[in-house]
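A quick write-up on the structure given underneath.
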DNA sequence: CAAGTCGGTTCACTATTTGAACCAGTGTTT
DNA sequence: AAACACTGGTTCAAATAGTGAACCGACTTG
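Residue numbers (full-length UniProt numbering), protein chains in the order written: chain Z, 1 to 248; chain U, 1 to 248.
This is the structure in structure tokens:
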């Protein structure tokens with residue numbers, strides 16, 4: 001692996017649950033020598049991508065990342081172009097709609113429009129969704145190249161609720177349904193009581209770049225409503241895809 | 001420079017005004033060979049820190065940055081701890097108050113609480129402030145180690161308005177005032193019609209990590225009000241510093 | 001108090017990075 | 001339509017930058 005790749009893989013060891021890590025730990029997990037890890041960390045720290053807590057001497061992600069992310073967010077049209085469509089879809093359906101962007105093997109929630117109803121699903125921006133177990137994820141897999149989806153299904157699949165689809169066959173059927181209909185459906189696969197309809201958003205190269213999802217309390221949805229939500233989600237996702245590729 | 005440093009300096013070429021850059025351009029500005037620049041970009045792209053627009057083949061910052069930034073923002077307590085204090089200061093003074101974090105030689109605006117008044121100063125999150133010419137910057141320099149401040153003052157200082165302090169002596173006096181009083185004052189140094197009072201926020205090691213600033217229309221401020229704003233800003237900045245270091 | 005951490009440093013060895021020269025493609029200018 | 005000046009991308013011998021075992025001193029733990 002390139003030196004740069006090693007340095008970035010150090011950054012990727014930090015998670016929401018473990019935002020500060022010591023040198024030895026970092027080196028061990030990245031499979032690097034301590035001296036190497038430290039040199040890479042120093043190089044990253046010089047550009048503020050890494051910071052070191054002076055007291056504990058542990059390392060954490062740096063402010064430079066926030067700065068770079070802001071530059072990207074300000075220009076990459078995904079959220080900017082998609083947000084109005086997401087808002088309209090939320091108003092049209094009366095439900096919470098959230099937008100996710102694919103990154104590093106999972107979907108990152110980047111925008112949310114909450115339902116106006118008192119009994120609604122709440123989703124946080126920044127939440128990371130697995131590709132199985134959420135409607136968004138299944139829609140994404142269905143739109144991905146076969147090899148990508150297959151590779152994902154090889155790995156063991158974590159169950160988040162009693163309803164999570166963890167068996168390959170079940171999941172394959174859900175993916176086939178999504179590929180055929182344009183939208184995916186998942187009931188309580190990730191969180192109890194939440195019903196979701198997902199649809200993939202495609203980039204200029206035809207590959208999926210993210211998804212949108214309509215999330216409702218499960219008590220409010222029957223098959224007929226799910227179908228109409230599915231059509232609305234598919235339409236909205238296609239509109240965003242078209243705008244992304246400059247076709248509308 | 002280390003290979004990692006070169007790779008990161010490629011990332012830093014992207015700005016709000018120029019978020020997509022071609023290969024040759026990138027290599028030229030970074031002072032790298034085209035082949036080198038491309039190899040680094042590919043390494044960064046493998047981790048989604050860089051993306052390539054398939055049509056134009058130009059490069060842009062990747063979604064991985066947003067993801068990493070979110071992990072950092074979720075844990076690094078700066079904005080989270082400071083925001084309530086900033087809000088209170090805004091309500092107390094009735095003016096716009098903004099919070100900045102130091103990064104890569106400048107202050108990055110990370111949080112804003114707008115004044116409730118009709119005639120108010122508007123500041124955007126994401127805006128980058130120079131260390132001279134803004135009250136925040138002067139407060140930051142005053143709290144920095146002497147060598148850091150001196151090094152900054154060596155470089156030529158850009159004038160943003162007719163009122164920007166660009167002479168070393170004038171600036172040194174403003175810094176001395178801030179060091180003595182705890183707050184800095186700047187009238188129209190960065191934008192016409194805007195008066196600012198700044199105060200530095202210190203990290204656990206006693207070094208400044210950022211600033212807060214009260215921004216008012218210049219017509220509304222006299223010396224007496226400036227002094228009372230200065231006291232309020234100093235108090236708020238100290239409170240945030242204390243909370244950052246776990247002392248309150 | 002000995003054994004096992006930790007963060008950090010050194011330096012001979014070596015593998016990764018480098019860049020001039022080279023494509024092929026696309027507009028401009030003549 | 002030919003010559004030109006760009007662009008993004010590739011190759012490979014030469015050289016520079018990266019590597020890691022062994023070493024610190026400082027803590028913590030049994």
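Quick reminder that beta carbons are idealized off the backbone N, C-alpha and C, glycines included. Remember, it's a predicted structure, so these values are computed and weren't measured experimentally.
Legend entry - 8 Å Cβ cutoff met for residue 200 (chain U) and residue 151 (chain U): Counted from its first residue, the second chain places residue 200 (chain U) at position 200. Counted from its first residue, the second chain places residue 151 (chain U) at position 151. Going by C-beta atoms, residue 200 (chain U) is not nearer than 8 Å to residue 151 (chain U).
Legend entry - Neighbour list for residue 22 (chain U) in chain Z, Cβ cutoff strictly below 7 Å: Looking up residue 22 (chain U) in the second chain gives position 22. Taking a Cβ-Cβ cut-off of 7 Å, residue 22 (chain U) has no neighbours in chain Z, whose nearest Cβ is about 16 Å from it.
Inset, instruction - Please list the partners that residue 241 (chain Z) has in chain U, where partner means a Cβ-to-Cβ separation under 7 Å. - result: On the first chain, residue 241 (chain Z) is found 241 positions in, with the first residue counted as 1. Those do not exist, as residue 241 (chain Z) stays about 14 Å from chain U at its closest Cβ, beyond 7 Å.
Inset, instruction - Answer yes or no: do residue 129 (chain U) and residue 100 (chain U) have a C-beta to C-beta separation smaller than 8 Å? - result: In the second chain, residue 129 (chain U) corresponds to position 129, counting from 1. In the second chain, residue 100 (chain U) corresponds to position 100, counting from 1. Residue 129 (chain U) is a Cβ neighbour of residue 100 (chain U), given a cutoff of 8 Å.
Legend entry - Residue(s) in a DSSP beta bridge with residue 20 (chain U): One-based indexing of the second chain puts residue 20 (chain U) at position 20. Bridge partners of residue 20 (chain U) according to DSSP: U:60.
Inset, instruction - May I ask you to report which of helix, strand or coil DSSP gives residue 185 (chain U)? - result: Reading the second chain from its first residue, position 185 is the one you call residue 185 (chain U). Annotated three-state conformation of residue 185 (chain U) is strand, per DSSP.
Inset, instruction - Establish whether the CB of residue 75 (chain U) and some CB of chain Z are separated by less than 8 Å. - result: The residue you call residue 75 (chain U) lines up with position 75 of the second chain. Yes, residue 75 (chain U) counts as interfacial toward chain Z.
Legend entry - Neighbour list for residue 230 (chain Z) in chain U, Cβ cutoff strictly below 9 Å: Start at 1 with the first residue of the first chain, and residue 230 (chain Z) comes out as number 230. Correct list: empty, because the minimum Cβ distance to chain U is about 26 Å.
Legend entry - Inter-residue spacing [alpha-carbon to alpha-carbon] between residue 119 (chain U) and residue 231 (chain U): Counting from one through the second chain, the residue named residue 119 (chain U) turns up at place 119. Counting from one through the second chain, the residue named residue 231 (chain U) turns up at place 231. Between residue 119 (chain U) and residue 231 (chain U), the C-alpha separation is close to 23 Å.
Legend entry - Anticipated Cβ contact below 8 Å, residue 123 (chain Z) with residue 109 (chain Z), distance rounded: Start at 1 with the first residue of the first chain, and residue 123 (chain Z) comes out as number 123. Start at 1 with the first residue of the first chain, and residue 109 (chain Z) comes out as number 109. At roughly 6 Å, the Cβ-Cβ gap stays under 8 Å, so residue 123 (chain Z) and residue 109 (chain Z) are in contact.
Legend entry - Within 8 Å, strictly: CB atoms of residue 20 (chain Z) and residue 60 (chain Z): Within the first chain, the letter at position 20 stands for residue 20 (chain Z). Within the first chain, the letter at position 60 stands for residue 60 (chain Z). Yes, these two residues count as a Cβ contact at 8 Å.
Legend entry - Identity of the residue in Z:116, Z:107 and Z:76 nearest residue 91 (chain Z) by Cα: In the first chain, the residue the question calls residue 91 (chain Z) occupies position 91. The shortest C-alpha separation from residue 91 (chain Z) is found at Z:116.
Inset, instruction - Quickly, what does DSSP pair residue 208 (chain U) with across the bridge? List them, please. - result: Taking the second chain and counting its residues from 1, one reaches residue 208 (chain U) at position 208. Paired residues: U:202.
Inset, instruction - Can you say whether residue 205 (chain Z) is buried or exposed, counting buried as having 16 or more other CB atoms within 10 angstroms of its CB? - result: Taking the first chain and counting its residues from 1, the one referred to as residue 205 (chain Z) is at position 205. Result: exposed.
Inset, instruction - Over the uninterrupted beta strand (DSSP E) stretch that includes residue 108 (chain U), give me the two end residues. - result: Here residue 108 (chain U) is taken as the residue at index 108 of the second chain, counted from 1. Per DSSP, residue 108 (chain U) belongs to the beta strand (DSSP E) from 106 to 113.
Legend entry - beta strand (DSSP E) segment containing residue 103 (chain Z), residue limits: Residue mapping note: residue 103 (chain Z) aligns to position 103 of the first chain, counting from 1. Judged by DSSP secondary structure, residue 103 (chain Z) falls within the beta strand (DSSP E) whose first and last residues are 96 to 103.
Legend entry - Exposed unless 16 or more other CB atoms sit within 10 angstroms - verdict on residue 33 (chain U): Along the second chain, one-based indexing puts residue 33 (chain U) at 33. When all chains shown are included, residue 33 (chain U) counts as exposed.
Inset, instruction - Give the interface partners of residue 194 (chain Z) over in chain U, defined as CB-CB distance under 7 Å, in chain order. - result: Looking up residue 194 (chain Z) in the first chain gives position 194. Within 7 Å Cβ-Cβ: nothing; residue 194 (chain Z) doesn't reach chain U, min ~22 Å.
Inset, instruction - Closer than 6 Å by C-beta to residue 190 (chain U): which residues in its own chain qualify, once you throw out the five before and the five after it? Chain order, please. - result: On the second chain, residue 190 (chain U) is found 190 positions in, with the first residue counted as 1. Spatial neighbours of residue 190 (chain U) in its own chain (CB-CB distance under 6 Å, excluding positions within 5 residues in sequence) are listed in chain order as 133, 134 and 160.
Inset, instruction - May I ask you to report which of helix, strand or coil DSSP gives residue 215 (chain Z)? - result: Locating residue 215 (chain Z) in the first chain gives position 215, counting from the first residue. In this structure, residue 215 (chain Z) counts as strand in the three-state DSSP scheme.
Legend entry - Partner residues on chain Z for residue 54 (chain U), Cβ-Cβ distance less than 7 Å: On the second chain, position 54 is the one that residue 54 (chain U) refers to. Ordered by position in chain Z, the residues that pass the 7 Å Cβ test against residue 54 (chain U) are 204 and 205.
Inset, instruction - Pick helix, strand or coil for residue 228 (chain Z), following the three-state DSSP scheme. - result: In the first chain, residue 228 (chain Z) corresponds to position 228, counting from 1. Three-state result, residue 228 (chain Z): helix.
Inset, instruction - Report the rounded CA-to-CA distance for residue 80 (chain U) versus residue 203 (chain U), giving the unit in angstroms. - result: Counting from 1 along the second chain, the entry for residue 80 (chain U) is found at position 80. Counting from 1 along the second chain, the entry for residue 203 (chain U) is found at position 203. Rounded to whole angstroms, residue 80 (chain U) to residue 203 (chain U) spans 14 Å at the Cα level.
Inset, instruction - Return no unless some Cβ of chain Z is closer than 8 Å to the Cβ of residue 12 (chain U). - result: Here residue 12 (chain U) refers to the residue found at position 12 of the second chain. It does: the Cβ of residue 12 (chain U) has a partner Cβ on chain Z nearer than 8 Å.
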